[in-house]
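Numbering (our numbering), first residue to last: 1 to 261. We put the CB at the ideal spot given by N, CA and C, even for glycine. Owing to the predicted nature of the structure, the values given are computational and were not obtained by experimental measurement.
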């Protein structure tokens, strides 16, 4: 074997070793990228879950706080209490004759009533008071009754769960407010009591005595590809069979405009 031949064989081995090392480095870089990408996606989804839950709680809490509001110069008192709720259903019906229509999601529903004026709501460009969707309900000086209905269900168009509101500006037409809200769980505390009870346990006369509301929202995120455990609105550790991340947040809200003190 000549010296030139030995030199070429030695060079080929070096090239093969270099290629192997380069391949290992490339695989390590790809693996690191995938891990970092998965971590970033998980962190971004967790942030979206928290934002959706906090936004939903803020919207519902603001409505509960204004429930039963009547201006000092109001012409007439509202014909019904400021709050009405449904257990695992959405409120249906008109006026004071409300009923509950079951929801497959098991989400609770809530009705909030209050008198609208130039202070309690935002006004449209034409000077009308607005409902939960920003729809005009009537002139501010007419002090119309505003009725907002909240519940969570799966969107027929996107297949994703959403928090919906139906305002009195367009009765019967609900619109989504927050995407990802899978369930709303509501508990009520009557004046002079310490127990939190469901809407189904309240009589028609009890709604005027509601002093506080416990609001829990459960939101759903993206698929993780692995079993996920989370604490639901009942305080139970639960496994998600669909591998989607979930988050449940709770807030306690005092009813400021209570009819019975």
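- Rounded to whole angstroms, the separation of the alpha carbons of residue 183 and residue 226 is 22 Å.
- For the set 86, 221, 36, the Cα lying nearest the Cα of residue 51 is the one of 221.
- Of the candidates 85, 94, 95, 85 places its Cα closest to the Cα of residue 102.
- For residue 206, same chain residues with a beta-carbon under 7 Å away, outside a window of 5 residues either side, are 190 in chain order.
- Along the length of the segment 218 to 247, whole alpha helix (DSSP H) runs at least 4 residues long do not occur.
- In this structure, residue 114 places its C-beta atom within 8 Å of the C-beta atom of residue 69.
- When Cβ pairs closer than 8 Å are counted between the two stretches, the segment 53 to 61 is seen to touch the segment 211 to 219, the count reaching three or more.
- Looking at the DSSP output, residue 132 bridges to nothing.
- The alpha-carbon of residue 143 is positioned some 54 Å away from that of residue 37.
- Boundaries of the beta strand (DSSP E) harbouring residue 145: 145 to 154, taken from the DSSP string.
- For residue 88, the closest of 106, 99, 77 by C-alpha to C-alpha distance is 106.
- Between residue 135 and residue 169, the CB-CB gap stays under 8 Å.
- A residue is called buried once 16 or more other Cβ atoms fall within 10 Å of its Cβ, and residue 158, having fewer, is exposed.
- For residue 91, the enclosing beta strand (DSSP E) stretches over residues 89 to 94.
- Within a 10 Å sphere around the beta-carbon of residue 130 sit 16 or more other beta-carbons, which makes this residue buried.
- Under the three-state reduction of DSSP output, residue 200 falls in the helix class.
- The secondary-structure analysis by DSSP pairs residue 84 across a beta bridge with 111.
- Looking at the DSSP output, residue 138 sits in a beta bridge with 129.
- Contact between residue 27 and residue 247 is ruled out by a C-beta separation of about 35 Å, above the 8 Å threshold.
- Within the same chain, Cβ atoms closer than 8 Å to the Cβ of residue 71 are found at 115, 117, 119, 120, 143, the five residues on either side in sequence being excluded.
- Between residue 228 and residue 240, the CB-CB gap stays under 8 Å.
- Here DSSP, grouped into helix, strand and coil, assigns residue 160 to coil.
- With 16 or more other Cβ atoms inside 10 Å of its own Cβ, residue 162 counts as buried.
- Taking all protein chains in view, the Cβ of residue 12 is surrounded by fewer than 16 other Cβ atoms within 10 Å, so the residue is classified as exposed.
- It is roughly 15 Å from the alpha-carbon of residue 251 to the alpha-carbon of residue 231.
- Rounded to whole angstroms, the Cβ separation of residue 64 and residue 253 is 5 Å, and the two are in contact under 8 Å.
- The beta carbon of residue 166 lies closer than 6 Å to those of 149, 174 in the same chain, with the five residues before and after it left out.
- In chain order, 215, 251, 253 place their CB closer than 7 Å to the CB of residue 61, counting only its own chain and leaving out the 5 sequence neighbours on each side.
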